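What follows is a set of notes on a single structure, which appears directly below.
There are 2 protein chains.
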Amino acid sequence: MDERVIRNIGSSDRIKIGDVAEALGVSKTTVSRAISGKGRVSKDTRAKVLAYIEKHGYHPSPIAKGLVQSKTYNIGWVMPGDSTITDLPFFQRCMMGVIEVAALENYDVLVLMVFDHDMSSLERAVMNQKVDGIVLGRTLIDDERVEFLKDSGIPYVVIGSSPNEDAIQIDNDHISACKELTSVLIMKGIKKLALIGGDSNHVVNQTRKKGFELGVEEQGLDLSQIKIYMDSDNETAVEHIVDELIQDGTECIVCMDDKICFQVLEKLRRDNILIPDQIKIASFYNSDILSSNQPAITSLQYDPKELGSVACRALFDFMEGKEVLRKKLLSYEVILKGSTK
Amino acid sequence: MDERVIRNIGSSDRIKIGDVAEALGVSKTTVSRAISGKGRVSKDTRAKVLAYIEKHGYHPSPIAKGLVQSKTYNIGWVMPGDSTITDLPFFQRCMMGVIEVAALENYDVLVLMVFDHDMSSLERAVMNQKVDGIVLGRTLIDDERVEFLKDSGIPYVVIGSSPNEDAIQIDNDHISACKELTSVLIMKGIKKLALIGGDSNHVVNQTRKKGFELGVEEQGLDLSQIKIYMDSDNETAVEHIVDELIQDGTECIVCMDDKICFQVLEKLRRDNILIPDQIKIASFYNSDILSSNQPAITSLQYDPKELGSVACRALFDFMEGKEVLRKKLLSYEVILKGSTK
DNA sequence: TTGAAAGCGCTAACAA
DNA sequence: TTGTTAGCGCTTTCAA
Chain A
1 MDERVIRNIG
11 SSDRIKIGDV
21 AEALGVSKTT
31 VSRAISGKGR
41 VSKDTRAKVL
51 AYIEKHGYHP
61 SPIAKGLVQS
71 KTYNIGWVMP
81 GDSTITDLPF
91 FQRCMMGVIE
101 VAALENYDVL
111 VLMVFDHDMS
121 SLERAVMNQK
131 VDGIVLGRTL
141 IDDERVEFLK
151 DSGIPYVVIG
161 SSPNEDAIQI
171 DNDHISACKE
181 LTSVLIMKGI
191 KKLALIGGDS
201 NHVVNQTRKK
211 GFELGVEEQG
221 LDLSQIKIYM
231 DSDNETAVEH
241 IVDELIQDGT
251 ECIVCMDDKI
261 CFQVLEKLRR
271 DNILIPDQIK
281 IASFYNSDIL
291 SSNQPAITSL
301 QYDPKELGSV
311 ACRALFDFME
321 GKEVLRKKLL
331 SYEVILKGST
341 K
Chain B
1 MDERVIRNIG
11 SSDRIKIGDV
21 AEALGVSKTT
31 VSRAISGKGR
41 VSKDTRAKVL
51 AYIEKHGYHP
61 SPIAKGLVQS
71 KTYNIGWVMP
81 GDSTITDLPF
91 FQRCMMGVIE
101 VAALENYDVL
111 VLMVFDHDMS
121 SLERAVMNQK
131 VDGIVLGRTL
141 IDDERVEFLK
151 DSGIPYVVIG
161 SSPNEDAIQI
171 DNDHISACKE
181 LTSVLIMKGI
191 KKLALIGGDS
201 NHVVNQTRKK
211 GFELGVEEQG
221 LDLSQIKIYM
231 DSDNETAVEH
241 IVDELIQDGT
251 ECIVCMDDKI
261 CFQVLEKLRR
271 DNILIPDQIK
281 IASFYNSDIL
291 SSNQPAITSL
301 QYDPKELGSV
311 ACRALFDFME
321 GKEVLRKKLL
331 SYEVILKGST
341 K
């Protein structure tokens, strides 16, 4: 290990608006106007100013600007701190979408890790005015965070759906998607199918369940004969349920997300049960693991990054006082693969 | 879709330092001092102020504070924008470590997505003084970003190693780890082993290669007889290499990271080659996929979150003018599993 | 121990 | 079209 030590010296010889003004023999106001484009400045002056700041690398301080405009030029991206490994890529990609759109508006993105029942970091960021707006990455059925944001008065948008009437919501069209995939499976001749679902406190899981039920009903199957398990996204539960379903002669297991599906696949592999020969498998959420599985898994495909960028776009529109749809649903694809052949 | 629209009203009835001062019949200076703890204030006054702000929910504006102190109370976390799916959990966990430590110092974290040859977002954040310091999530052999940070004068810390003498570096002890795992494998009696590696432009990959070579030499094997493939983290390359190695009677394939290992496993599964009976497998980087594989894969285990928090700690120490080690290596574990039995 | 006043770097009325 | 002036909300000399 290198034992050498380093110490920060620090420096601050940044050029400021007054320097530019002085050098050019104009007022600070003029410089400010030339840069922002607000107010009238002659073409010549403007060109002169722009040339100068370009050459001398002048960058207006967003802190000073922020002080007078009460803006931070940051938006907050709220991520669940307890995301499991399988959730991470989803949130990461959403975040990329948010960041991309934010950059277009010269905004940066502050990450706020929030745990389901500790939102102190969110509170801090909002109360301390560290951000001008918030994108919430996931909604819960009974979401204190949404309540808090609503009360705080800060502009916010949620990804996913919320029972809160006031929230601007961007979501995948889970209900149509799940309904469609379920219908398709039944149309392929499957009569005995079952659904294994995750945390029933997540809005998305309730929505998927609803979509599944609609699909079943649409195809005229008796819903009361169909097994639906919720809160089963752990190995022990899955183990149990799969055993039960196999016993029962289930033709197709529909998994609510990729994590559950992965666990089902592991279980079936351990038991040497062949897909799709002995049982068919489908998933309401796709992931790399599922699509590279042998056989690949029939599933629904969404675009998380799109979700992030649309949400961020909506947030900016809202902040700028434009009218914004209260709820926007993004499209999906049904991907039929070998697991339901 | 809900067609209702929503429009932002906006509000700003926040209490400020002057209000507190007036209400208490003291000066703004006194309030400021009572809060910051700097300068002398009587116990009573201090208590009075603290009680008042607590009761009335006063939050000093970090923007105003920032303006006078030239601070943003934000640090920048630089993530490669082109991270592949397998990298994501690593960076995400690192980031969590960074965020946790930052929160202790009342700092927030700004995410900067930087692509290998486009670092405009990093430049913008630094030039616009959006952050007080930077944690760089990955280093390249020839890293423009490190050069830029060095020249800019902003405090920064890199995760991973950098040829740059001036950079404060926090890294896993890849070289010892890889050397140790390689040695252990050879001590188990393996004589014919091979290494499949990724992007040779990543510092970490060069380091792992070096560790592998040291392990081979330590055990007295002839390095020139050992096959080492670099830049092979794609399916076609892996396909080819594995065929070659099997032909060649290789006893053990060592994979430089979990992504490569995953591809090797897929390939072997397709070809119905059994692990560890027909070939043994080890990986220089662990992940959930590998540890839940059947059989579980022998690998090296690190703690990405620790990496993030140690890096962030070092950054703060440096910003506060403390002495900081130029390079710090974190420990690892060798996890022996069924894949090399 | 406290306060008055200046100023951080910028923008935005209001004048000219 | 341009400049003057007054802040934004806080901290920090300097003086009391």
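If you read the sequences in order, they're chains A and B.
Going by our numbering, the residue at position 179 of the first sequence is 179; the numbering climbs one at a time, nothing skipped.
Going by our numbering, the residue at position 225 of the second sequence is 225; the numbering climbs one at a time, nothing skipped.
Every residue gets a Cβ at the ideal spot worked out from N, C-alpha and C, and that includes glycine.
It should be emphasised that the depicted structure is a prediction, and the values quoted were computed from it without experimental measurement.
Host alpha helix (DSSP H) of residue i (start-end)
i        : result
B:Ala167 : Neither: B:Ala167 is in no alpha helix (DSSP H) and is coded neither H nor E.
A:Gln69  : Pro62 to Gln69
B:Lys210 : Val203 to Glu218
B:Ile133 : In the sequence as displayed, the identity of residue 133 of chain B is Gly instead of Ile. First-last for B:Gly133: Gly133 to Leu136, but that is the beta strand (DSSP E), not the alpha helix (DSSP H).
B:Ile275 : Element bounds for B:Ile275: n/a, residue is neither H nor E.
B:Ile17  : Ile17 to Leu24
Unbroken beta strand (DSSP E) run spanning residue i, endpoints
i        : result
B:Lys415 : For residue 415 of chain B there is no data in the structure shown, the boundaries of chain B being 1 and 341.
A:Val334 : Glu333 to Ile335
A:Gly249 : Counting along the chain, A:Gly249 falls outside any beta strand (DSSP E), and DSSP gives it neither H nor E.
A:Lys150 : Looking at the DSSP string, A:Lys150 is not in any beta strand (DSSP E); the run it does join, the alpha helix (DSSP H), is Glu144 to Ser152.
B:Lys280 : Lys280 to Ser283
B:Ile289 : Segment Asp288 to Ser291 is the alpha helix (DSSP H) holding B:Ile289; no beta strand (DSSP E) there.
B:Ile190 : Element bounds for B:Ile190: n/a, residue is neither H nor E.
B:Ile159 : Tyr156 to Ile159
Cα-Cα separation between residue i and residue j, rounded to whole angstroms
i        : j        : result
A:Ile9   : B:Ile168 : For A:Ile9, the predicted structure reports a pLDDT of 49, less than 50, and the residue's modelled location is therefore unreliable. The matter cannot be settled from this model.
A:Lys322 : B:Asp118 : 32 Å
A:Thr72  : A:Ser36  : 16 Å
B:Ile175 : B:Thr207 : 6 Å
A:Tyr229 : A:Met256 : 10 Å
A:Cys312 : B:Gly39  : 43 Å
B:Lys55  : A:Val20  : 45 Å
A:Lys65  : B:Gln69  : 15 Å
B:Ile246 : B:Leu265 : 13 Å
A:Gly189 : A:Lys280 : 12 Å
A:Asp116 : A:Arg124 : 16 Å
A:Asp42  : A:Asp108 : According to the sequence as given, residue 42 of chain A is Ser; it is not Asp. Whole-angstrom Cα-Cα distance: 32 Å.
B:Ile201 : B:Thr298 : The sequence as given places Asn at residue 201 of chain B; Ile does not occur at that position. The alpha-carbon atoms of B:Asn201 and B:Thr298 are separated by roughly 26 Å.
A:Ala237 : A:Glu244 : 11 Å
A:Val101 : B:Phe284 : 37 Å
B:Ile170 : B:Ala282 : 25 Å
B:Asn205 : B:Leu300 : 14 Å
A:Gly25  : A:Arg14  : 19 Å
A:Leu290 : A:Asp87  : 14 Å
A:Leu149 : A:Lys209 : 28 Å
B:Ile260 : A:Pro304 : 25 Å
B:Val31  : B:Asp44  : 12 Å
B:Gln219 : B:Lys191 : 10 Å
B:Ile226 : B:Val203 : 22 Å
Classification of residue i by the beta-carbon crowding that lies within 10 angstroms, buried from 16 upward
i        : result
A:Gly133 : buried
A:Thr360 : The structure shown has nothing for residue 360 of chain A, since chain A only spans 1 to 341.
A:Leu50  : exposed
A:Ala47  : exposed
A:Val294 : Before going on, a small fix: residue 294 of chain A reads as Gln here, not Val. It counts as exposed.
A:His240 : exposed
B:Arg270 : exposed
A:Gly137 : buried
B:Phe91  : buried
B:Pro89  : buried
B:Met319 : buried
A:Ser224 : exposed
According to DSSP, residues forming a beta bridge with residue i
i        : result
A:Met79  : A:Met113
A:Ile196 : A:Tyr229 and A:Cys255
A:Asn74  : A:Asp108
A:Phe301 : According to the sequence displayed, residue 301 of chain A carries Gln and not Phe. Bridge partners of A:Gln301: A:Glu333.
A:Leu122 : DSSP, once it has assigned bridges, lists no residue as partnering A:Leu122.
A:Asn172 : A:Leu330
A:Val242 : A:Val242 pairs with nothing; no bridge assigned.
B:Leu140 : B:His202
Contact test: residue i Cβ vs the ligand NAD heavy atom, cutoff 6 Å
i        : result
A:Ile241 : This structure lacks the ligand NAD, and indeed carries no ligand of any kind.
Decide if the region 72-92 of chain B is in contact with the region 86-104 of chain A; the criterion is three or more beta carbon pairs, one per stretch, under 8 Å apart.
-> Pairwise C-beta distances place the region 72-92 of chain B in contact with the region 86-104 of chain A, as three or more of them are shorter than 8 Å.
Meets three-Cβ-pair contact criterion under 8 Å: the region 182-195 of chain B and the region 248-265 of chain B = By the C-beta criterion, the region 182-195 of chain B is judged to be in contact with the region 248-265 of chain B, since at least 3 inter-stretch pairs fall below 8 Å.
Would you call the region 115-130 of chain B and the region 53-73 of chain A touching, i.e. three or more CB-CB distances under 8 Å?
-> Yes: the two stretches touch, three or more of their Cβ pairs being nearer than 8 Å.
Flag this pair as touching only if the region 204-222 of chain A and the region 175-185 of chain A have three or more C-beta atom pairs under 8 Å; answer yes or no.
-> Taking one beta carbon from each stretch, the region 204-222 of chain A and the region 175-185 of chain A have 3 or more pairs nearer than 8 Å; the two touch.
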